[in-house]
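Colleague: Quick one: the structure is below, questions incoming.
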Amino acid sequence: MYFAALGWGNRLGHAEFAEGGLASVLGAEGAPLTKQAVQKGVTAAKGLGLLAPDSGARCLVLPGHHFQKSGLGAASCRVHSLRTAA
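In this note's numbering, the protein residues as written are -4 to 81.
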């Protein structure tokens, strides 16, 4: 979960995924993870402090002290209705 958040994270530290997208990315041999497995992974990563509490299967959010990216990618999150000024 943590590496998916880092790899797909935008300038806000939000990594958005389409419905079922995270399960597909994390699946093995072309088989997506189950919704339960994804939720269990997100919950475990939040418990370890690797993801922010508002993370979910549609958007993984990195804590600010784990992530900095300036000038690259979007500065918005449709899942959390966030948008920064340009």
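Think of the CB as a built atom: it goes at the ideal place given N, C-alpha and C, for glycine as much as any other residue.
Out of P58, C54, L45, which has the shortest C-alpha to C-alpha gap to S76?
Modeller: C54
Colleague: Whole-angstrom Cβ separation of A(-1) and L28, contact assumed at under 8 Å?
Modeller: A(-1) to L28, Cβ: 11 Å. No contact.
Colleague: Exposed or buried, G44, counting other C-beta atoms within 10 Å across all chains shown (16 or more means buried)?
Modeller: exposed
Colleague: So L57 and G8 are in contact, right, with Cβ under 8 Å, and what is the actual spacing, rounded?
Modeller: 4 Å
Colleague: Can you check DSSP and say which residues form a bridge with A10?
Modeller: L55
Colleague: Throw me the rounded Cβ distance for the V37 and S50 pair, which I believe falls under 8 Å.
Modeller: 6 Å
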